[in-house]
Each structure stands twice: as structure tokens, then as C-alpha cells.
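Note sheet for the following structure.
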Amino acid sequence: MKATVILEPLKENDDIEKYKAIYKEIQNEINTLHNSEDIDQMTYDMFLDDVLQMNDENYIKAIRSNLSGPKVFLKRKPSEVRVNGYMKTVLIAWQANHDLQFVLDAFACAVYIVSYISKSQKGMSALLLDQAAKEARQGNLDLKHQVRHIGNYFSNSVETSAQEATYLTLQMPLTKATRQVVFINTSPQHKRTFLLKQSSALEKLGPDSTEIESDNDIKRYSRRPKQLENWCLADYVSQLELQYPKTSESSDHETEQQGK
87 MKATVILEPL KENDDIEKYK AIYKEIQNEI NTLHNSEDID QMTYDMFLDD
137 VLQMNDENYI KAIRSNLSGP KVFLKRKPSE VRVNGYMKTV LIAWQANHDL
187 QFVLDAFACA VYIVSYISKS QKGMSALLLD QAAKEARQGN LDLKHQVRHI
237 GNYFSNSVET SAQEATYLTL QMPLTKATRQ VVFINTSPQH KRTFLLKQSS
287 ALEKLGPDST EIESDNDIKR YSRRPKQLEN WCLADYVSQL ELQYPKTSES
337 SDHETEQQGK
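For the sequence shown, this note's numbering assigns the number 87 to the initial residue and increments by one for each residue that follows.
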């Protein structure tokens, strides 16, 4: 690039297939040119005119045709095509290779981090689940013990560092945060997973009763007092904390306390 720019993807009606084909040709030329001795003396304009034989507009459109979101392209000479993004001050302090990129999409950054830290397990989940489920079915176990067997199988098969294993064994927290995260299942009612009531509560139900679902945030929200009628579900869950009396034997005595 002659200058640092932020490029966005081409629109679908901008001959995108045409420029995708041009992009492939550019990649082939760059791979060939990378091993050439002439690249050290080559300028950006020489690269366009002599190697690619195209103007700057078509070159930019070809690059945009391969983008899925906005991206920063740094000013680079043809000889620096394989140089990662870096900072001189960080390079001096770190004294090792690094690749720094300006974040334009926070969600894409989060996805990249999650995929990076879990990449060693890629492709293993389906195989492990298939084998674990097969062994659980062959063991003549009830449903509860089958689920436990599958969980143990995954736990024993996943690569874990010595430090992480120590923290897990000593029940020490792996992370700490100043904010608590609460999950609210907002799927359609017929698609929501739920927890069963305790065995003692289930035994008290009539033979034809279907009230086997334990209480949850959404149920409690639907029963909220009139003083909280204007509260949304998010405020209700984040501002109120459920507390169980120590001597209570029934969920009917659940209390909620403000100041979560």
C-alpha cells in the first residue's frame, strides 16, 4: 500500500466475482515475486505498472473483494509484504516477533481469542462425544450415570496444563471479575431446557401432575409484585438476588433481596 488505509468489503453488485479472480492473480504474482531479487528496489507504482499491469483502483477493489469486514492495511513497500504489523517501541522492549493489529470489530476480536485458546481441541469434540456415548450405552447405566460418564470422559481426555490442573484440584478460581454474569434463557418456552424439582418435591406430586419443572428467574419475574411492574427482565435478574431461608423445606418460602 502507498499509504495506510481502512478498506471495506465490496458490495455484491460491484462485479465481485470479477475482482475475486483478479485477487487470485495478485496473490500468485506476490508469491512469485517474493523470491525475486528485484523486489528490494521495487516501489508500489512499479509493482502495479510492471508486475500487475493494472491501476490503483482495480488493485484496491480486488483486495476489497476478499474482505468479510473492515480491515486496516498498513503502508508497505513490495519488499515488506511479509512483515507483520509491529510497533518499534514494543519491538525494542519485547525483542521478539509480534503481530499487532488495530481492532475494528470487537466481536471478531473476541471470536479470534476464543478460537485461538481452544484450537488444540478442534475436531476432537465430535469424536470424544461419539466414543463416550457409545461406552455409556454399553455400560447399562441409568441416564444420570450416563451423563456423568460422558462428562468424566471429556474431563480426562482434554489437554490441561499442570497449572490449570492444580487450580482445579484445589478449587481455586481460574479467573476473577468485578462483574457477575447471569444467563437468562430467552428461547421460546417450548425450547427452553429446565431443571427438575428435587426428589422430595417430585414425590409429593400427584400421579397425573406435569409440574416437574423447578422454579427459575423467568417464572419468578412473572410473579413479581406490583411495585416492580415497570421493571424489565434484565433489571429484575441483575438487581435482585434469590435467597433461601436456612430452615425452609419448600421453594414457596424463597425470598428476594435487593442490592445484588
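Each residue gets a CB set at the ideal place from its N, CA and C atoms; glycine is no exception.
It should be emphasised that the depicted structure is a prediction, and the values quoted were computed from it without experimental measurement.
Through-space distance from residue j to residue i, alpha-carbon basis
i, j, result
"E115", "I203", "34 angstroms"
"I112", "S154", "18 angstroms"
"R168", "K106", "21 angstroms"
"R306", "K332", "20 angstroms"
"R223", "K283", "26 angstroms"
"G225", "E289", "28 angstroms"
"E315", "Q249", "48 angstroms"
"I236", "H120", "50 angstroms"
"S64", "D142", "The shown model of the chain, from 87 to 346, leaves out residue 64, and the question about it has no answer."
"D338", "Q313", "Annotation note: pLDDT 49 at D338 (below 50); position unreliable, coordinate value reported separately. Going from the Cα of D338 to the Cα of Q313 covers about 20 angstroms."
"E297", "L291", "8 angstroms"
"S247", "M258", "15 angstroms"
"V197", "H231", "34 angstroms"
"S324", "V268", "8 angstroms"
"L256", "K262", "16 angstroms"
"D124", "D136", "12 angstroms"
"Q139", "T118", "15 angstroms"
"V60", "W180", "Absent from the model: residue 60. The displayed extent of the chain is 87 to 346, so no value can be given."
"T252", "A287", "38 angstroms"
"P274", "N144", "48 angstroms"
"D126", "H184", "23 angstroms"
"N238", "T279", "22 angstroms"
"S122", "K104", "28 angstroms"
"N170", "D216", "41 angstroms"
"K174", "E166", "15 angstroms"
"I304", "S295", "21 angstroms"
"K277", "V176", "50 angstroms"
"E221", "L227", "10 angstroms"
"K97", "C195", "23 angstroms"
"N99", "L260", "49 angstroms"
"P293", "T264", "47 angstroms"
"M128", "A320", "59 angstroms"
8 angstroms Cβ cutoff met for residue i and residue j
i, j, result
"I146", "L93", "yes"
"L190", "P156", "yes"
"A148", "Y109", "yes"
"Y322", "R309", "no"
"F193", "V158", "no"
Nearest-angstrom beta carbon gap, residue j and residue i [assumed within contact, 8 angstroms]
i, j, result
"S151", "I102", "5 angstroms"
"P95", "Y130", "Rounded, the Cβ-Cβ distance is 23 angstroms, inconsistent with contact."
Of the listed residues the options, nearest to residue i (C-alpha basis)
i, options, result
"Y330", "N226, L138, H184 and D301", "D301"
"E327", "S295, Q266, V91 and Q284", "Q266"
"F133", "K88, K174 and V158", "K88"
"N242", "A218, Q232 and Y253", "A218"
"K161", "S295, T90 and P293", "T90"
"N271", "K262, L281 and T264", "L281"
"S285", "L260, E299, D228 and K104", "E299"
Residue i Cβ short of 7 angstroms to the ligand MN heavy atom set
i, result
"Y198", "Here there are no bound small molecules, and the ligand MN is not part of this structure."
Quick check for students: name the residue ranges of the alpha helix (DSSP H) that lie wholly in the stretch 273-342, counting only runs of 4 or more. 285-289, 303-308 and 319-325
Unbroken beta strand (DSSP E) runs of length 3 or more, entirely within the stretch 104-192: which are they? 157-159
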